[in-house]
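The structure appears below as structure tokens.
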Amino acid sequence: MSEEEFAQLGARVSVRRRPHTSWRRVLGDSFRMFSPAQQFRHPVMFCVYVLFLFLVVLTLVPSLFPDIAHSYNPGYYLAVTIILFLTVWFANLSQAIAEAQGRAQADTLREIRSGVRARQVLPDGKTAWVASDILHIGDSIEVQPGEPIPIDGDITSGAALIDESMMTGESEAVIRESGGDKTSVLGGTLVLQGTIRVRVTAVRGESFLDRLIYLVEGQGREPTPNELALGVLLYAFTITLFTVVVTFIFLANFTNIVYVSVATIVALFVCLMPTTIGALLPAIGISGINRVARANVIAKSGKAVEAAGDLDLLILDKTGTITVGNRLAVQFIPAPGVAPEKLLEAALLCSSVDETPEGKSIVRLAARRNAPTRRLELGSYKVLPFTAERRMSGILLQDGTEAYKGSMQAIEAYGAVLPPELRRAGAQAAQQGMTPLAIALNKQAVGLVILKDVVKPGIKDRIRELRTMGIRTVMCTGDNRLTAAAIAKEAGVDDFVAEAKPETKLTLIQQEKAEGRLVAMTGDGTNDAPALARADVGLSMNSGTSAAKEAGNMVDLDNDPTKLIEIVSIGKQLLITRGALTTFSITNDVAKYFAIIPALFIAVGAASLPGIAILNVMGLSNPQLAVLSALLFNAIIIPILVPLALAGVPFRPSSAIDLLRKNLVLYGFGGLVTAFVGIKLLYLLLAWLITFPFVHTLGVIVAHYLPFGGL
Amino acid sequence: MFDLRSLWDIVVLFAIALAVAPFFGDYLARVYTNRPAFGDVVLAPIERGIYRLLGTSPRKSMPAREYMVALLLVNAGVWVFMFWYFFDQSTLPLNPTGVPNMSWDLAFHSASSFVTNTDFTHFTNESQISVGAIMIAWQLALFISPATGLAVAAAMVRGFIRRDGTIGNFYVDVVRSLTRVLLPIAFVGALIMVMLGVPETFNWTVIAHPITGGTQILYLGPVASYQSISLLGTNGGGWYSANMVSPLANPSAVSNLFGIFIMLLIPISSPFAFGRMVRRKGEEWPYVGTILIILVVAIALFIFYQAATNPALANFTGLVQTNGYPVGSEVRFSLPEGSTFQVVSVYSNVGANNIMIGALSPVAQLVLLFGMFTQSTPGGEGTGFGMLLLFAVLAIFVGGLMVGRTPEYLGKKIETSQVRWAALALLSHPAAILLPFVVAVVAGQVPIDASTVGASSHNFTAVLYEFTSESANNGSALSTAVFNDQTPFFNIAGAFVMLVGRYAPIFAMLKVGEIFARQRTLPAGPGTLRTASGTFTIYLTLFLIIVTTLLFLPVIAMGPLAQIL
């Protein structure tokens, strides 16, 4: 089956809108985040923040600290203060951008719903228009054709054809009706036909979109376990470096080996602190949720996204996830002595009026094999539909030609004799999990058409990718073992459960979890709800029942179960981004040491000591510029890495040890080289800048206006 | 230069140690998992008797806090006994040479030093500690402190194989460490040392008539049995003040090589014991690899910089360095033999000297300092390996994130609580070194020569070395010529540094073990980071080097680096 045919079969082309980011708001937020309460939430950046305030005081009123007065250099102190400000601001900016992206994502989805009024069903059965904001869970509303559905709910009576394209991007309208699994409707979608009564299941502020906004804006965003652990590590590292640096002041100044100014020691400390990862940590977490949202999946918690990266096992439904969902014609087998054209013509005839997907697929396959079509043009004909007694369907043409297709038994019962060759071929196909249909033309068996449950194109590759990442897949199906085994083999899943009952998934999940594995599944029916709730990642379909949507921790607006595979990648990417940037941050430090430590010795004229000269590999001869360039590098690496933090590091599924090797070279060694090169370049830039008289004058002016600039 | 053939001694020695380690590691694993082991017939009934006496049983298993309390009780008992003995040694038994009592602060420092496996001595053995104090009090600590270390490592490793949140019985672990490991091997080691010429006698002194004329008192005693457990248990104190430089303690090149062997035996076997205990193939190799890479590079650097000509000699006409032996080296041994002993001694936190560290080239001093900064390559008995495991926990945490999974090790997830304790243990080390250092500097306890830049660096290095050695529970000293460490300040500060440097990481190791022990073991999949691999070994090595460098580069720069001429 070609890609385009597949697209015709109803594959969804989801529309992904470009969300609009408000830069003005981003800028405003980045400054609002300077409030101490906001800063306090991120320990590493809070340290930088406090040091910045300390240096502001120090720069303005150096006399408060008599010890430092004799090393006071206003221009240098001011420069360090400004760079510290930039460091904090850049960190704020990265978080503000991530939040804005998430908000924009949610806004595009929410806009549709705003200002909507609802026709509430009053106790006396009459209806009245109210603002949708005042509705409560359990209230009943009525929606008539042409009206948008104001709020998420379940249909209690009636059926309707609903356009969900604005929410899901799916162009084809869907049918929703009371009873069964398709009762759920989404706020913002449009009723095309039919009047329905809907019981409200979510009030404004609690529906999934609002939850998404809560999540990205931080109110609802609890740090995930890995984030917490990393936070502890960074915090411990910061405290220790603080000890190292503070003791360094005393050791240096009291032994007279070197003399260190306060600004330099603050710069050293800020450089060594894991500010890069510390600044980007919130943005990374938010962007994980955003990336999931961009895939039209609403995550209910950040934890769920992270859990997706940890999964060991995916439970996939056969129908709809692994296979297209309908059996399709794949092969014609003519009876011995029958011309293939005759079989094709008969197949085309008996299926041309068959509206089932199976029938359509036979027509398509026959057409592709150039079946003769002249008899179809005869005009009048009579359809012989499928009935329980006949167990076959066909067509009776004006000229008396009669064509039937049905199971082999039905065709034999009808009176056509199946040659043994055909019977053998049919049995063989059945053994491979396919469905043979016999075709008879005027009571003569002309051949077989083989129907098959077709595996979605590309699914095999994705399952192989999952295996490389170390994730097992189990296919769940109600089919018999034979059919299930055949499909499982074709799709390349690791295991399958045949003849599954609704509770099978729950049992499977409980079993696997008892062995300590993390399990994910998709589902849409109410009977999936317990399993969805039990799974570590439960992806429910938006078309599913409210119970299913409540139970799962993610909702897919596109109703595409294969999304699960995409979410796994996003989860992994999230963790890798954190690890990679931590490594980058740590190896950066090495280079910063090599810039600042020699600078301390240059300041006292001890740079000629060979041991110190070894450290000064970058050849930075001006100590203050060396410190400033290291500090500046430390600040501007944050905005440079923002795109990486927001998009996640590039990730191609491969084995864990390969990933480690690759990322160590890329971010570990890369971090080392980047920092050395970056600091050297910044140093050259600063050294070039200060040769301009203008810069010098600026320095003089600044020094003049600082209250104690003359010290 | 030196005779290159003497390098072969070292290569062969390492080969033998590595050949023995897997078997000895397997034996250790049997000892600490209560599996049938060599010697059960004789020892099992004795041990049962001791357990009954202690009112405990191998079936009882403790959580971390209870284990720690038991550990502190036993250690405190030994400490009190030693303090009393040292403080009152003139009247207590076995004082043939009439040594006076120690001052309270010196006794405080000495007791803390011996109980923490440091064996840093602020006194001169021959004139300040009685034979009885050595044989009865100190030698008790020589056995109990390595037994404690081994017990801690065993308890921590049990975390990976248990699910009930307990990590074993401290009393049982200590008893088995003594009966199965330390006593028998120390006994055999002592016999071998006697064969090699180390004294083992109850004649305390002998008068010698050197060819230079006059008379000299040589101090004798049960030196071999002392020296054997001192090296085997990574303790490091010496019967003699000159320690392994003294020809009586270290009579020949063979005894020197034997010393290296027994210092390395338990530390290098610990990873193998770990591999057998967790019953996973190849998991010992990242640790063996990391230890060997760092140790071999350290020895090579040490030898290279010791063999290099001292550039300062060029300032003096007529002085040349013909044979590559700097001041302070024991010239009875070749440069590689002497250097290897020294590096292995410091890196396995024994701290016994056969070289004057204060006379080494700055890079060689830096090499020794680095070993005490990591204190895990291979580090002291048990605790060194525990430290290495903590490094690995943090490395796996960061590396595990980089492969896109919640980090796990041997099927146990690494979460906030383990990260917290591991970080605390690793980071307590710089704090324990630097904070008292600052106090010493600010309080004017460090002799400072402010006249010329860099002139203070040697004094700086000496004090840095003192506190580093104490925090790492190493025991080697740079030089007593630079500053007098036998003052109440250095006695008391040093004692606290040693106690913190010992028990803070031990508690963290027990806690990490307990947290692992509470988790169930997750099945490994292809997505799990494979730790038994070359990539992980190199990663762990680099992680260890980078973290250590980040924490200690500033002080290194002011000390040894500023001294390089």
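Top line first, the protein sequences correspond to chains A and B.
Be aware that the first sequence starts at 24, since it is given in my numbering, and climbs by one per residue.
Be aware that the second sequence starts at 732, since it is given in my numbering, and climbs by one per residue.
Just so it is clear, CB atoms sit at the ideal spot from N, CA and C, and this is done for glycine as well.
None of the values given here were measured: they were computed from a predicted structure.
1. Determine, for B/LEU1209, whether the minimum Cβ-Cβ distance to residues of chain A falls below 8 Å.
2. Which residues bound the alpha helix (DSSP H) around A/TRP152?
3. Can you list the residues of chain B that A/THR496 reaches, using a CB-CB cut of under 9 Å?
4. When you compare the CB of B/GLU1146 with every CB in chain A, is at least one pair closer than 8 Å?
5. Quick one: what's got a C-beta closer than 8 Å to B/GLY896's C-beta in the same chain, skipping five residues either side?
6. Using only alpha-carbon positions, find the residue among A/ILE219, A/THR104, A/PHE113 and A/ILE724 that is nearest to A/MET68.
7. Run down chain B in chain order and give the residues with a C-beta less than 8 Å from the C-beta of A/ASN686.
8. Starting from B/ASP904, follow the alpha helix (DSSP H) in both directions and report where the run begins and ends.
9. Counting Cβ pairs, one atom from each stretch, are 3 or more of them under 8 Å apart for the segment 929-939 of chain B and the segment 1073-1091 of chain B?
10. Tell me which same chain residues have a C-beta within less than 6 Å of the C-beta of B/ALA1163, skipping the five on either side of it?
11. Spatial neighbours of A/PHE29 within its chain, please: CB distance less than 6 Å, with the 5 preceding and 5 following residues excluded, ordered by chain position.
12. On the three-pair Cβ rule with 8 Å, is the segment 524-537 of chain A touching the segment 368-385 of chain A?
13. Looking only at C-alpha atoms, which of A/GLY417, A/LEU471 and A/LEU420 sits nearest to A/PRO443?
14. Does the Cβ of B/PRO893 have 16 or more other Cβ atoms within 10 Å, making it buried, or fewer, making it exposed?
15. Any Cβ of chain B within less than 8 Å of the Cβ of A/GLY602?
16. Nearest to A/LEU336 by CA position, among A/ALA225, A/ILE713, A/MET498 and A/PRO305, is which residue?
17. Quick one: Cα of A/PHE607 to Cα of B/ALA864, how far?
18. Going by the DSSP bridge assignment, what does A/PHE519 pair with across the sheet?
19. Taking only beta-carbon positions, decide if B/LEU1282 is within less than 8 Å of chain A.
20. What does the alpha-carbon distance come out to for the pair B/PHE818 and B/VAL846?
21. May I ask you to list, following chain order, the residues of the segment 663-695 of chain A that have a beta carbon less than 8 Å from some beta carbon of chain B?
22. I need the boundaries of the beta strand (DSSP E) containing A/PRO673, first residue and last residue.
23. Count the other CB atoms within 10 Å of the CB of A/ILE724; is the residue buried (16 or more) or exposed (fewer)?
24. Can you give the Cα-Cα distance for A/THR379 and A/SER416, rounded to whole angstroms?
25. What number of angstroms, rounded off, separates the C-alpha of B/ALA1293 from the C-alpha of A/LYS536?
26. Helix, strand or coil for A/PHE57 per DSSP?
27. Are any of the Cβ atoms in chain A nearer than 8 Å to that of B/MET1289?
28. Just verifying my parser: in three-state terms, what is the DSSP assignment at B/ASP757?
29. So which of A/LEU251, A/GLY176, A/LEU667 and A/PRO459 has the shortest CA-CA distance to B/ILE1145?
30. Please list, in chain order, the residues of the segment 533-559 of chain A that have any C-beta partner in chain B closer than 8 Å.
31. If you measure between the beta carbons of B/ILE747 and B/PRO1067, is that distance less than 8 Å?
32. Using a Cβ cut-off of 8 Å (strictly closer), state whether B/LEU1155 contacts chain A.
33. Under 8 Å, with one C-beta from each stretch per pair, do the segment 218-227 of chain A and the segment 152-165 of chain A reach the 3-pair mark?
34. Closest Cβ-Cβ distance between B/PHE1104 and chain A: below 8 Å?
35. Near B/VAL1009, which residues of its chain fall below 8 Å by C-beta distance, leaving aside the five closest residues on each side in sequence?
36. What is the rounded straight-line gap between the Cα of A/ILE345 and the Cα of A/LEU695?
With the given structure in hand:
1. For B/LEU1209, no CB of chain A lies under 8 Å from its own CB, so it is not counted at the interface with that chain.
2. Careful: A/TRP152 lies outside any alpha helix (DSSP H), inside the beta strand (DSSP E) at 150-154.
3. Under the 9 Å cutoff, chain B gives no residues; its nearest Cβ is about 12 Å from A/THR496.
4. Chain A, which has a Cβ nearer than 8 Å to the Cβ of B/GLU1146, makes this yes.
5. PRO794, GLU1245, ALA1248 and ARG1249
6. That would be A/PHE113, whose Cα lies nearest to the Cα of A/MET68.
7. MET1133 and VAL1134
8. 901-907
9. Output reads no: the segment 1073-1091 of chain B does not touch the segment 929-939 of chain B.
10. These residues qualify, in order along the chain: SER1202, VAL1228, VAL1231 and GLY1232.
11. Per-residue confidence for A/PHE29 stands at a pLDDT of 40, beneath the threshold of 50, marking its modelled position as unreliable; the derived number appears in the next sentence. If we look at A/PHE29 and ignore the five residues flanking it on each side, its Cβ neighbours are PRO480.
12. no
13. A/LEU471
14. Here the sequence assigns Arg to residue 893 of chain B, which means Pro is not the residue at that position. That one is buried.
15. By this cut-off, A/GLY602 is an interface position.
16. A/MET498
17. Cα to Cα, A/PHE607 sits roughly 54 Å from B/ALA864.
18. A/MET498
19. Look at B/LEU1282: its C-beta is under 8 Å from a C-beta on chain A.
20. 16 Å
21. Listed by position, the residues of the segment 663-695 of chain A near chain B (Cβ gap below 8 Å) are PHE674, SER678, ALA679, ILE680, LEU682, LEU683, ARG684, ASN686, LEU687, TYR690 and GLY691.
22. Boundaries for A/PRO673: no beta strand (DSSP E) harbours it, and the DSSP string shows neither H nor E there.
23. Exposed, by the Cβ-count rule.
24. 11 Å
25. 58 Å
26. In the three-state reduction of the DSSP assignment, A/PHE57 falls in the coil class, being assigned neither a helical nor a strand state.
27. yes
28. helix
29. A/LEU251
30. GLU538, GLY539 and ARG540
31. 8 Å or more divides the Cβ of B/ILE747 from the Cβ of B/PRO1067.
32. yes
33. Yes, the segment 218-227 of chain A touches the segment 152-165 of chain A.
34. no
35. VAL888, PHE891, ILE892 and LEU1141
36. One alpha carbon belongs to A/ILE345, the other to A/LEU695, and they sit about 45 Å apart.
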